[in-house]
Amino acid sequence: MNKELIVRSGSSDVDFAILKDGKLTELHKDEDSSDFSVGDIMLAKVRKPVSGLNAAFVNVGYEKDAFLHYHDLGPQLQSLLKFIKRVSTGKLKDFSLKDFPFEKDIDKNGSINDALKANQSILVQIVKEPISTKGPRISSELSIAGRYLVLVPFSDRVSVSQKIESKEEKDRLKRLVQSIRPKGFGVIVRTVADGKKVAELDKDLNNLLTKWTAMCKKIYKAKLPSKVLSELNRAASILRDVFNDDFTGIYVDDETLYYQIKDYVQQIAPGKESIVKLYESNVPIFEKFGIERQIKTSFGRTVSTSKGAYLVIEHTEALHVIDVNSGNRSNKAKNQEDTALEVNLIAAKEVARQLRLRDMGGIIVIDFIDMSSSDNRRKLYDQLREEMKDDRAKHKILPPSKFGLIQITRQRVRPEVNIKTREENPNGEGEVEAPIVLINKMTADLERIITNKGHKNGIILNAHPFIAAYVTKGFPSVRSKWFLEHKKWVKVLPRDAYTYLEYRFQDKDGKELN
């Protein structure tokens, strides 16, 4: 499997695309104007506790106050508040916590009014970026993420990622981390630590402690609110979270960014920096790797999958709804149940990709094609779970209901990726589907026609002269690919009277093929 990271640099932002065997699976944007990123730690001021919500609104410098629920305070809130007070006044200059006296844990079911007061200084971490009309969601249970470990101040727990399946490996990692864990800090062992030696873990831990010390130095005499620890830039954070030995190439079109990424890869994976390559062609990098076309075909309301099936994706304020359609196709399967299973399994793969690609969060309801067999419903459920196994966002999948619906909850920490795919109508007012999607639609229609045996008297494509030329010219042409795929030659006739995006399939007698 080829796994590649493509980095496109613009004047004010950087786009990151992750490809698996050439298929776009994730798309991220790093904007210079983004003041609030997940993982940032702020020294903020409590605006007011609200007992009815058992939460507090906190001024972090955003136009809307951030929301801090009682359950996100962390058990060692009193220790944190005492630490902030002593550091900000200059009374405490040793930030190691080894000699810092911890306070008693707060009550799990306590009241926000007993824990926080208005105008109080507090360290908080962004756990959800501002979305729609809401301010950031924050937590005062701090954590600093590294390559292999996550450092948790004011804790003594060591936990290991549940994705590491081997009990022996979990026990080994737990023992190693216990031996190097500094007093006053808890540690979470990440999945990528699987198989790593103590020297690598110790180096990562020391880097995190250095970050903690640098952050604490900023607290002294800091203005409220202010950012005291920034999450890594998006390039570094993506590499930190997703980079592994599966990556076969990282391509960057900006020289400065190329050297930054190469240096970072050298730090986290010595010996792998050779896969970072500077892209210097005149062809835009996203076009060269086919990403621009995939963006146009993947972000619309309708998304085509293989074998003529397609998804319809709708969004509401409360949830996302995905409808699976077979495209009214028939195939060589023995019965309707087999057809439904085949389409559903194809759709499950595309659904998992779409959730990651668009970063859709909250509640997602998928209306798969009804299947009467409980074994087939189980196969679908298992397939969807398998496809979403690599999804880094926390999620939960419920088994299919009697109506064929599958419900998913997926963590939402930043606004959904929303890319406009419709373009201005060249023939008049309004908007039309992007012309780049047209060939995909033609190919899907042709496949349905051939599958349904509606081609006994030959197949003729009538299209605008520009589209007719695009389909027939070049090598290999679109028509040649159709012939190799279906062993049927399509005659293409240019029609001056057609609009740009208008086309029809007919047989030799002029009868329209639907």
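Under the numbering used here, the residues of the sequence shown are numbered 381 to 894, in order. For every residue, glycine included, the Cβ atom is placed at its ideal position computed from N, Cα and C. What you are looking at is a predicted structure, and each value in this text was computed from that prediction instead of being measured.
Following the continuous alpha helix (DSSP H) through residue i, name the residue where it begins and the one where it ends.
i: K591; result: V578 to I599
i: H866; result: V858 to H866
i: N820; result: L818 to T831
i: R552; result: K547 to I560
i: L737; result: Q716 to R738
i: S678; result: I671 to S678
i: D395; result: It is not in any alpha helix (DSSP H) - D395 instead sits in the beta strand (DSSP E) that spans D393 to K400.
i: V639; result: Residue 639 is actually Tyr in this sequence, not Val. Where Y639 is concerned, the enclosing alpha helix (DSSP H) stretches over E635 to I648.
i: Q357; result: The structure shown does not extend to residue 357, since the chain spans only 381 to 894, so no value can be given for it.
i: I492; result: I492 to A495
i: L760; result: S754 to E767
Counting along the chain, where does the beta strand (DSSP E) carrying residue i start and finish?
i: H695; result: Y690 to H695
i: T682; result: T682 to S684
i: Q886; result: Y883 to Q886
i: I788; result: L785 to R790
i: V532; result: L529 to P533
i: V851; result: Where V851 is concerned, there is no enclosing beta strand (DSSP E), although the alpha helix (DSSP H) it sits in stretches over P845 to T852.
i: Y631; result: F627 to V632
Based on Cα-Cα distance, which residue from the options lies nearest to residue i?
i: S686; options: L472, N493, K403 and K598; result: K403
i: K478; options: R561, R427, L457 and N434; result: R561
i: V723; options: D755, I693, G629 and A689; result: A689
i: P605; options: K554, P664, S539 and N439; result: N439
i: H449; options: T405, A495, D485 and F748; result: A495
i: E521; options: L881, M751 and P455; result: P455
i: V369; options: N832, K607, L873 and E865; result: Coverage of the chain is limited to positions 381 through 894, which leaves residue 369 absent and any answer about it impossible.
i: R736; options: T405, T831, S491 and Q558; result: T405
i: K473; options: E767, Y638, W592 and L556; result: W592
i: D747; options: M740, K782 and R758; result: K782
i: K607; options: L818, P510, I840 and A424; result: A424
i: S476; options: Y659, T590 and H866; result: T590
i: S610; options: Y600, S431 and M595; result: M595
i: K861; options: D887, E827, T879 and I599; result: E827
i: I655; options: F669, I630 and K676; result: I630
i: K514; options: F447, Q558, I486 and D621; result: F447
i: D410; options: S617, K821, V538 and S512; result: S617
Alpha carbon to alpha carbon, what distance is there between residue j and residue i?
i: R790; j: D889; result: 52 Å
i: K497; j: R570; result: 35 Å
i: K712; j: D401; result: Low local confidence applies: a pLDDT of 48 at K712 is under 50, so the model's placement there is unreliable, with the coordinate-based value given in what follows. Looking at the two C-alpha atoms, the distance is approximately 28 Å.
i: E895; j: D574; result: With the chain running from 381 to 894 in the structure shown, residue 895 is simply not present.
i: V701; j: K597; result: 48 Å
i: L399; j: S684; result: 18 Å
i: R519; j: K657; result: Rather than Arg, the amino acid found at residue 519 in this sequence is Ser. About 38 Å.
i: R765; j: I777; result: 7 Å
i: K576; j: G470; result: 39 Å
i: I906; j: A720; result: The requested residue 906 does not occur in the structure, where the chain is confined to residues 381 to 894.
i: L407; j: P481; result: 45 Å
i: S753; j: N715; result: 12 Å
i: E635; j: P664; result: 15 Å
i: M740; j: Q458; result: 36 Å
i: F863; j: N705; result: 26 Å
i: E580; j: P510; result: 35 Å
i: S758; j: H775; result: Before going further, note that residue 758 is Arg rather than Ser in the sequence given. Roughly 19 Å between the two C-alpha positions.
i: I693; j: R738; result: 11 Å
i: I492; j: A435; result: 6 Å
i: A849; j: D887; result: 20 Å
i: K543; j: L553; result: 13 Å
i: P856; j: S661; result: 22 Å
i: L760; j: D703; result: 15 Å
i: T823; j: K867; result: 14 Å
Check whether the Cβ atoms of residue i and residue j lie closer than 8 Å to each other.
i: D337; j: P845; result: A query on residue 337 cannot be resolved here, the shown segment of the chain reaching from 381 to 894 and no further.
i: K383; j: F627; result: yes
i: S541; j: S501; result: no
i: V578; j: N624; result: no
i: L691; j: V745; result: no
i: P780; j: I788; result: no
i: I386; j: F679; result: no
i: M751; j: E717; result: yes
i: Q674; j: L725; result: no
i: I829; j: L881; result: no
i: R681; j: G742; result: no
i: L619; j: Y644; result: yes
i: A397; j: I671; result: yes
Is the Cβ of residue i closer than 8 Å to any Cβ of chain D?
i: I839; result: In the structure shown, chain D does not exist; there is a single protein chain.
Exercise for the section: Answer yes if the region 646-655 comes into contact with the region 441-454, meaning at least three C-beta pairs across the two stretches below 8 Å, and no otherwise. Expected result: no
Exercise for the section: Count the C-beta pairs between the region 729-736 and the region 761-774 that are closer than 8 Å, then say yes if the count reaches three, no if not. Expected result: yes
Exercise for the section: Give a yes or no on contact between the region 580-588 and the region 524-534, applying the rule of three or more CB pairs nearer than 8 Å. Expected result: yes
Handout entry: Segment contact, 8 Å Cβ cut-off, at least three pairs: the region 528-538 with the region 555-565
Key = yes
Handout entry: Segment contact flag, the region 415-425 with the region 499-506, C-beta cutoff 8 Å, min 3 pairs
Key = yes
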